[in-house]
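Notes to accompany the following structure.
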Amino acid sequence: MWHKFASASEYINALARYIADSLEADIEKTGRAGLAVSGGRSPIPLFETLSVIDLPWPAVDIMLVDERFVPADDPDSNENLVRQHLLRDKAANARFHGLITSTNLAECVSLANSQRHEGITLAILGMGDDGHTASLFPNAPQLHEGLAPDTTQRYLHITPPEAPHERISMTLSAILSAGQLVLAISGTAKREVLEKASVKPTPDLPVSYIVTQTGVPCDIYWHE
Numbered sequence: 278m279w280h281k282f283a284s285a286s287e288y289i290n291a292l293a294r295y296i297a298d299s300l301e302a303d304i305e306k307t308g309r310a311g312l313a314v315s316g317g318r319s320p321i322p323l324f325e326t327l328s329v330i331d332l333p334w335p336a337v338d339i340m341l342v343d344e345r346f347v348p349a350d351d352p353d354s355n356e357n358l359v360r361q362h363l364l365r366d367k368a369a370n371a372r373f374h375g376l377i378t379s380t381n382l383a384e385c386v387s388l389a390n391s392q393r394h395e396g397i398t399l400a401i402l403g404m405g406d407d408g409h410t411a412s413l414f415p416n417a418p419q420l421h422e423g424l425a426p427d428t429t430q431r432y433l434h435i436t437p438p439e440a441p442h443e444r445i446s447m448t449l450s451a452i453l454s455a456g457q458l459v460l461a462i463s464g465t466a467k468r469e470v471l472e473k474a475s476v477k478p479t480p481d482l483p484v485s486y487i488v489t490q491t492g493v494p495c496d497i498y499w500h501e
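The number in the numbering used here is simply the position in the sequence shown, starting from 1, with 277 added.
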């Protein structure tokens, strides 16, 4: 379902409220809720708005959809971004699960897959101009494995063809284990990419596997 907004502030406020309501409903039903978040600069206003919303944050598990293989205090680290902009104020009491747990990438991926899987109430996804989501990049050598519907792996190592840094990414299967999905984008160019991706699933536009599937509710939040 498309949700279109005339301004960035309306978009952020509506999306933050939707996320908060989803988490609160799951906490009331099961006692805990899981929020999977993406990095980059775009989510910063959303994270800061979420961080001051009244929620039973100690009952919320926050995990990463993907991560760059850099130290957790590196400016390019998604964990660093989340700690600065989301895990503060009222949200400081949420339980966070980082992905960089070693200086060895294979060990990080192995540990991420061996830990008890937290349930994902809602996953917030972004999309690049090339149609990637999470770190499932077109033409990445590991993309086929990342898109495999029968994989039991929650995370895998991804080598972006052009973007910097090796990555750890949720697999498509893990993303689709969420109860709800939100694809948050802005701008005319990304809307055009998404409209192409909505025609049929293709590895040329990995986000197409999100927007064409019918098993998990997917809401698209967009503003110009």
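In this text, a Cβ means the ideal position worked out from N, Cα and C, and glycines have one as well.
Beta-carbon within less than 8 Å of G375's beta-carbon, same chain only, minus the 5 sequence neighbours each way: which residues are those? L341, E344, A349, E356
Compare the Cα-Cα distances from S450 to each of L460, H434, Y486 and report the closest residue. Y486
Nearest to T398 by alpha carbon, out of E287, G311, I296, Q490? G311
Residues in its own chain within less than 7 Å of P480 by CB, not counting five upstream and five downstream? P415, L420, L424
Look at the Cβ atom of L382, then the Cβ atom of E443, and state whether they are nearer than 7 Å. yes
Contact belief for R372 with I339 at Cβ below 8 Å, rounded distance in angstroms: 7 Å
Quick one: grab the DSSP three-state call for T326. helix
Segments assigned alpha helix (DSSP H), at least 4 residues, entirely inside the region 364-412: 382-391
Take L363 as the anchor and find which of R393, F324, C385 has the nearest alpha-carbon. F324
What separation, rounded to the nearest whole angstrom, lies between the Cα atoms of A369 and E301? 16 Å
For G403, count neighbouring C-beta atoms within 10 Å of its own C-beta (all shown protein chains included) and say buried if the count is 16 or more, exposed if not. buried
Beta-carbon proximity list for L482, same chain, < 6 Å, skipping 5 on both sides: G408, A474
Is the beta carbon of T410 less than 7 Å from the beta carbon of T428? no
In the structure shown, what three-state DSSP assignment does H442 receive? coil
Element boundaries [alpha helix (DSSP H), containing S299]: 285-307
Is the beta carbon of A400 within less than 6 Å of some heavy atom of the ligand SAM? Inclusion of the ligand SAM in the displayed structure is not the case, the ligand content being empty and no account of it being possible.
According to DSSP, is G510 part of a helix, a strand, or is it coil? This structure cannot speak to residue 510, because the chain is shown only from 278 to 501.
Could you have a look at V337 and say whether DSSP puts it in helix, strand or coil? strand
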